[in-house]
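As they're listed, the protein sequences go chains A and B.
Here numbering that gives the first Met the number 0 is used: the first residue of the first sequence is 0, the next is one more, and so on.
Here numbering that gives the first Met the number 0 is used: the first residue of the second sequence is 0, the next is one more, and so on.
Idealized CB from N, CA, C, for every residue including glycine.
There are 2 protein chains.
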Amino acid sequence: MKKRLKSWQGWLLFVCAMIVIFLLGLLSSSINQRHAEVASIYNNKKVDLKKQESRNELFNVNYPREYETWDATKESGFNTEYNGNDAKDVLAMRPNMVILWAGYSFSKEYNTPRGHMHALEDNRAILRTGAPNVTLGKEPMPATCWTCKGPDVPRLMDSIGIAQFYGQKWSDLGSEIVNPVGCSDCHDTKTMDLRISRPALVEAFARRGKDITKSSFQEMRSLVCAQCHVEYYFKGKGNYLTLPWDKGFTVEDIEKYYDEIDFADFTNKLSRARIIKAQHPGYETWKMGIHGQRGVSCADCHMPYISEGGVKFSDHHVQSPLANINRTCQTCHRESEETLREDVYKRQRKVDEARTSLESELAKAHIEAKFAWDKGANENQMAPALKLIRQSQWRWDFAVASHGASFHAPQEIQRILSGGLERAVKARLSISKVLAKLGYTDDVILPDISSKAKAQKYIGLDMDQLNKDKAEFKKTVIPQWLKKARENGRLAKN
Amino acid sequence: MKKRLKSWQGWLLFVCAMIVIFLLGLLSSSINQRHAEVASIYNNKKVDLKKQESRNELFNVNYPREYETWDATKESGFNTEYNGNDAKDVLAMRPNMVILWAGYSFSKEYNTPRGHMHALEDNRAILRTGAPNVTLGKEPMPATCWTCKGPDVPRLMDSIGIAQFYGQKWSDLGSEIVNPVGCSDCHDTKTMDLRISRPALVEAFARRGKDITKSSFQEMRSLVCAQCHVEYYFKGKGNYLTLPWDKGFTVEDIEKYYDEIDFADFTNKLSRARIIKAQHPGYETWKMGIHGQRGVSCADCHMPYISEGGVKFSDHHVQSPLANINRTCQTCHRESEETLREDVYKRQRKVDEARTSLESELAKAHIEAKFAWDKGANENQMAPALKLIRQSQWRWDFAVASHGASFHAPQEIQRILSGGLERAVKARLSISKVLAKLGYTDDVILPDISSKAKAQKYIGLDMDQLNKDKAEFKKTVIPQWLKKARENGRLAKN
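If you want it as structure tokens, here you go:
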């Protein structure tokens, strides 16, 4: 009896052990499958890509998840309380900006940003790039204007040289720059490691004594964005793209840099003030806000991770974090979506208030300066006001042009706008004293600039002609460019 | 053999069990002791306190930990990067403020805040309360000025009535208000529950339809502070202390309230602008910042918990949270002390920049307005500038007077200062146009107000006489008050 029991127990133990081992095997297989799924992406690439492959569509086969989400950028605008998904005509919403940019191409057309997928077509279609080959002899932009528009740029820089790239006219490269911001702008095509493909960023940090080619992965998750989302200018006759960070990253540091080299992007047609046009100092303002200071990268909020099967990947549908609060803010913050969204809007509303005041005062300053010139003011009399206008507009533009600054660094932006507003009203005070000396003591009668059309007419733009030329350019020149690109194998699709 | 072993094993088991039970007993006793320690504080009070006991020292016997830490407030200033522990002469650091308050007692003396323990002596000693019984017939302040200075106030209100309290002169109560901000200001003396002892706060919330006597414990940990650290004014001839919150808590809401009742605290002697003096809207600005919005109470940061033996109690040494970063900020934030302190200073520096500009522009506006009056400007001409000065100074004071606002709500304070700065320069612009119409087109020559003494002389203050009278008041009147208080049993010590 004792022996039979022992044998029966032994068999039971054996069967149980077998079942457990079988289940462990299943689990192990599942884990390995997940690993294999990840590994296969990198080890079993279906297509071998060229070092400077610029045709985004070719990456789809190897990296379908990233490609699919990148493709969705055609749907993304940057939502705020004020604008939805579609690009909005900012000049129509804020006609004062036409006055601020009088004599500069931004006064012709300026829209809210859209997704990466539209970078190229919007650059070609906007009035700012003009209508070369239509309006003969008039070529408003250098090739440098293409620099951020897609992976054809590093390909071309690699083949013809960096300075040679910048040194051309915009229209010279119309059939070469044909793929919008995409894969190889930020990735090494062989390893898919993050890479800096634009030399200006590396050069700027090198001048500050920092070699960013040795950055950590987390740093790279912001630096790849900083290739384009920064303040920059076109240096010298060769229009060499340069980031003005030699003295630091604040609005005052950069202003000092520009002042020392006596730089201006344009002279305002009304006030004759020499103006610095801020580009989009997104990286700089992110650094000044709490998220940047706590090491939260651009990608953490704008390209949150997604898990799909065994794969965790970055969402390449770069957009406002408010579109995915559950995957962005709520990774760290426990508040409700509604609370977090309202927190963002509250900050934006406060900034918007100062921005609107500043725009209005600065537009008046430009117009009143023109009035003083017309009354016979001389350069000595006008110099203090023109300096204040330059400083004011630099602050306004730095705060406004950077995408998302009002949330990235709310207090800093509020500080900057406060300084800009102070200087705009001080410019008006200075002009008022000049006018008094010239015997004019009444208020300056301001023109009706209550709509974009009225403001553009006031600054002397012939919008009908500009629109007509651009339409002709779109109809005739762009198709030629694309045809040539197709013939040269620059595009994936035919 | 089998039987003997069993018996031995049984004894071993028995002894082990005894030891374990003994140790459990010790542990249980220790836990109970800790509970007993807490319970004993409330159940075995050594002294039975009167309902409106105002002598703080009497609480020491029952609540030694709270008393001891409260007593330490005699050491606390509110540290910023700019001032250390001692009270600093703000007018000496910022002589422009003398101009802003020309014609008002704040131009005589204004210091950085000190701990609760000094509330009363500082109120008696400051030039603002004057020298009643010395400068005969000159009584600058009503009894309402005592309202926040200590627990004698609720005691008196309880015995003579609220309106009757406010209705007297300041000097009438000199021998009654003799214990500084202390225990029964915030605690029910029987239960030690938090209590609102000042009627103005309850009345203000009641007018907004909220009964704060039903607040949660966590709400009370801010509301007891809000009894005093708020914006208020003295209403009507009876100087009834009133919080102007009927329209809301923002700087614009409160301004609208004051404008509708055409209220002014004083008329600036230079510009003749009717000015609202902001008190210290700490509670309002805390509500507008992220800590307030996330439910962090005043006490969480200014009175952090301490564990001592079995007792966890609130540190009654109310002071800057920067003095105890490990017990305050680091309860939630994982960054180093150095990083957290620098984060606070960064915010304060940005605000300080706008504050300094605003003070400078506003002082000029007051002086230039006086110049315009002197040149013969009339009231119609000056009205727009005076309105702008009123609005500007209200914003300046709201942002500056509130302790800690630059950290409590950095962006909101920056927004408020920006609006104030805009209005100060616009006031100057308006005055400049008035002057031009009057035929004066040069710059107004500004007086030398580079020191407190120079600024006070410029606005016509006879500081020697004021200081002399105050010294006499301190030497003769205050000792009489204290003698009488002692005789009447108002003080614990003799």
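For residue i: DSSP bridge partner residues
| i | result |
| --- | --- |
| residue 311(A) | 306(A) |
| residue 478(B) | Answer is none; residue 478(B) lacks a bridge partner. |
| residue 168(A) | 141(A) |
| residue 402(B) | BP columns for residue 402(B) are empty, so no partner. |
| residue 110(A) | 88(A) |
| residue 12(B) | Bridge partners of residue 12(B): none, in fact. |
| residue 186(A) | 193(A) |
Own chain residues within Cβ distance below 6 Å of residue i, not counting five before or after
| i | result |
| --- | --- |
| residue 224(B) | 297 |
| residue 478(A) | none |
| residue 252(A) | 246 |
| residue 462(B) | 455 |
| residue 180(B) | 115, 118 and 149 |
| residue 480(A) | 173 and 174 |
Short CB-CB distance (under 8 Å) between residue i and chain B
| i | result |
| --- | --- |
| residue 394(A) | no |
| residue 353(A) | yes |
| residue 413(A) | yes |
| residue 432(A) | yes |
| residue 93(A) | no |
| residue 82(A) | Note that residue 82(A) scores 44 on pLDDT, short of 50, meaning its location in the model is unreliable and no value can be drawn from it. |
| residue 10(A) | no |
| residue 410(A) | yes |
| residue 482(A) | no |
| residue 421(A) | yes |
| residue 435(A) | yes |
| residue 346(A) | yes |
CB contact below 8 Å: residue i versus chain A
| i | result |
| --- | --- |
| residue 387(B) | no |
| residue 443(B) | no |
| residue 424(B) | yes |
| residue 249(B) | no |
| residue 440(B) | yes |
| residue 73(B) | no |
| residue 320(B) | no |
| residue 79(B) | Bear in mind that the predicted position of residue 79(B) carries a pLDDT of just 47, short of 50, making it too unreliable to give a figure here. |
| residue 359(B) | no |
| residue 16(B) | no |
| residue 339(B) | no |
| residue 99(B) | no |
| residue 417(B) | yes |
| residue 270(B) | no |
| residue 356(B) | yes |
| residue 286(B) | no |
For residue j and residue i, believed in contact at Cβ under 8 Å, the rounded distance
| i | j | result |
| --- | --- | --- |
| residue 417(B) | residue 416(A) | 7 Å |
| residue 430(A) | residue 101(A) | In fact, because the Cβ distance is near 16 Å, the residues do not count as touching under 8 Å. |
| residue 451(A) | residue 91(A) | 4 Å |
| residue 483(B) | residue 174(B) | 4 Å |
| residue 533(B) | residue 287(B) | Only positions 0 to 493 of chain B appear in the structure, and residue 533(B) is not among them; the question remains open. |
| residue 316(A) | residue 68(A) | 4 Å |
| residue 517(A) | residue 448(A) | The first residue shown for chain A is 0 and the last is 493, placing residue 517(A) beyond what the model contains. |
| residue 301(B) | residue 318(B) | 7 Å |
| residue 424(B) | residue 384(B) | Actually they are not in contact, since the Cβ atoms of residue 424(B) and residue 384(B) sit about 11 Å apart, beyond 8 Å. |
Nonlocal neighbours in the same chain, by C-beta distance under 7 Å from residue i, ignoring five residues either side
| i | result |
| --- | --- |
| residue 323(B) | 303 |
| residue 79(A) | In this prediction, residue 79(A) scores a pLDDT of 47, lower than 50, which makes its location untrustworthy; the coordinate-derived value is nonetheless stated afterwards. Excluding sequence neighbours, residue 79(A) sits near 347. |
| residue 369(A) | 269 and 270 |
| residue 399(B) | 354 |
| residue 420(A) | 353, 356, 357 and 360 |
| residue 460(A) | 106 and 107 |
Cutoff 8 Å; reference residue i; Cβ partners in own chain excluding five residues on either side
| i | result |
| --- | --- |
| residue 212(B) | 195 and 201 |
| residue 170(B) | 131, 132, 138 and 476 |
| residue 176(A) | 119, 145, 148, 149, 151, 152 and 155 |
| residue 45(B) | 60 and 61 |
| residue 375(B) | 437 |
Which complete beta strand (DSSP E) runs does the region 216-293 of chain B hold, if anything under 3 residues is left out?
Listed in chain order, the complete beta strand (DSSP E) runs (minimum 3 residues) inside the region 216-293 of chain B are 232-234 and 239-241.
Let me know the alpha helix (DSSP H) ranges lying completely inside the region 387-474 of chain B, each 4 residues or longer, listed in chain order.
The region 387-474 of chain B contains, as complete alpha helix (DSSP H) runs of 4+ residues, the segments 404-407, 409-436 and 451-457 (chain order).
Suppose only complete runs of 4+ residues qualify. What are the alpha helix (DSSP H) ranges in the region 312-379 of chain A, listed by chain order?
Counting whole runs of 4 or more residues, the region 312-379 of chain A contains the alpha helix (DSSP H) stretches 336-373.
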